[in-house]
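The numbering used here puts the sequence shown at residues -1 to 163.
Virtual Cβ for every residue (Gly too), placed ideally from N, Cα, C.
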Amino acid sequence: MKLFSKNQFVAEVKNLNQIINHINEENCYDKVVEFFTITSYLQDHAREIEEFLPTVRGFKFCGIKSSYRKECEFKRAKAKLGLNEFMSELNKAGRDKYGHNRTESGEAVSKDNIYFGDVAGIWTFCIADFENKCKNDAYVQENIRAQITGFVKSYEGSFNLDWVA
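Right under this line is the structure:
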């Protein structure tokens, strides 16, 4: 039995796009945790995502009729390109021991392992520190919230599902 299905994948990507579209400076601390929770989950299942490529649009009936061969080859190429673009964006938004999301595979994402910073002389800290220790510093809050929101919004349109049937 598969632990991850195409339907689960589609649902997670839709949730990810909802987060990207609805993040703002008021809810950014919680939304960035949700964003990285989904990207981490998808990264953990990258091999399974690649395995269901043959079930996407255009793969199932290739070879039944030779008259459909060119159309079939075009659909295969489009699906492979879509998968490659998706995985590239996922890797950019994913884990990095020196990046924003410093979790290991299978580790829960929290405000304690997401890092942003370099604001007002403050080095990079986990967002829990910015949210709690710097909560009364309006300048820091304005800048760190804008940084988090801008990062997540930079992925708007990156996680499309056009290539999935």
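Starting from the C-beta of residue i, find all residues in its chain whose C-beta is less than 8 Å away, skip the five residues before and the five after it, and write them out in chain order.
| i | result |
| --- | --- |
| Val150 | Ile17, Ile18, Ile21, Cys26, Lys29, Val30, Phe33 |
| Asp116 | Thr122 |
| Ala144 | Glu23 |
| Gly179 | With the chain covering only -1 through 163, there is no way to say anything about residue 179. |
Name the residue from the options whose alpha carbon lies nearest to the alpha carbon of residue i.
| i | options | result |
| --- | --- | --- |
| Gly155 | His98, Phe84, Thr101, Gln139 | Phe84 |
| Asn82 | His98, Glu48, Lys109 | Glu48 |
| Ala77 | Tyr39, Glu102, Ala106, Phe50 | Phe50 |
| His43 | Ala75, Ser3, Leu79 | Ser3 |
| Asn89 | Gln6, Phe157, Lys12 | Phe157 |
| Gly119 | Ile142, Lys95, Asn5 | Ile142 |
Between which residues of its own chain and residue i is the CB-CB distance below 6 Å, once the five residues before and five after are set aside?
| i | result |
| --- | --- |
| Gly92 | Thr37, Gln41 |
| Ile146 | Cys26, Val30, Phe114 |
| Cys132 | Val138 |
| Phe128 | Ile142 |
Which term fits residue i, buried or exposed, when burial requires 16 or more other beta carbons within 10 angstroms of its beta carbon?
| i | result |
| --- | --- |
| Asn111 | buried |
| Trp161 | buried |
| Arg45 | exposed |
| Val8 | exposed |
| Asn99 | buried |
| Phe72 | exposed |
| Leu14 | buried |
| Glu69 | exposed |
| Glu140 | exposed |
DSSP has residue i in a bridge; who is on the other side?
| i | result |
| --- | --- |
| Ile120 | Val117 |
| Asn99 | Arg93, Ile112 |
If you drop the 5 nearest sequence neighbours on each side, which residues of the same chain put their C-beta closer than 7 Å to that of residue i?
| i | result |
| --- | --- |
| Tyr153 | Ile18, Glu87, Ala91 |
Those runs of the alpha helix (DSSP H) which lie wholly inside the segment 2 to 62 and span at least 4 residues
Counting only runs of 4 or more, we get 4 to 20, 26 to 42, 44 to 49.
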